[in-house]
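Written below as structure tokens is the structure these notes are about.
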Amino acid sequence: MNNKKGLKKLVGILSASLMLSGIFGVFSTISGDTGTAVVAEAATRKTEKQLRTIVLERFPGTVQRVKRDYDDGVREYEYTIRMRDGVVVKVEITEYGYITDVDYEGQWKNGRYYDWD
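Residue numbers (this note's numbering): 1 to 117.
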């Protein structure tokens, strides 16, 4: 019973830290005599080529389309990728390198596209 409560608490902490890392940038930890402090660092903007590399490392395949958009003053890129196993994935990534959304669209089989909806 305690394991479930501990797991829920850990998931909550990780979710909060991921949300904060998206807002404040990358966190680094500084240890000293008085304990440990978390310091927010400014996130740096990346080029389109660097963002493409980040996306293709996570989702290997062929880039079919790239759309650029602004959301709340932050530049976002939407990559449509056909992965090696035939699955088509839409990945949204911010100009700072944070992947914000992943949509698995469907699958290509024998030259035909099948949607999973």
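Where is the CB? At the ideal position from N, CA and C, for every residue including glycine. Computed from a predicted structure; not experimentally measured.
Extent of the continuous beta strand (DSSP E) to which residue i belongs
i, result
"ARG48", "Correcting the residue type first, residue 48 is Glu in the shown sequence and not Arg. That residue, GLU48, is in no beta strand (DSSP E); its alpha helix (DSSP H) goes 48 to 58."
"THR94", "87 to 94"
Helix, strand or coil at residue i [DSSP, three-state]
i, result
"GLU105", "strand"
"THR62", "strand"
"ARG82", "strand"
Contact under 8 Å by Cβ, residue i with residue j
i, j, result
"GLU102", "VAL87", "Looking at the sequence provided, one finds Val at residue 102 rather than Glu. Going by C-beta atoms, VAL102 is not nearer than 8 Å to VAL87."
"ARG123", "GLN64", "A question about residue 123 goes unanswered here, because the residues of the chain that appear run from 1 up to 117."
"VAL55", "ILE93", "yes"
"ALA43", "TYR104", "no"
"ARG58", "ILE99", "yes"
Option in the options with minimal Cα separation from residue i
i, options, result
"ASP85", "PRO60, VAL66 and THR44", "PRO60"
"ASP69", "THR62, TYR104, GLU105 and VAL91", "VAL91"
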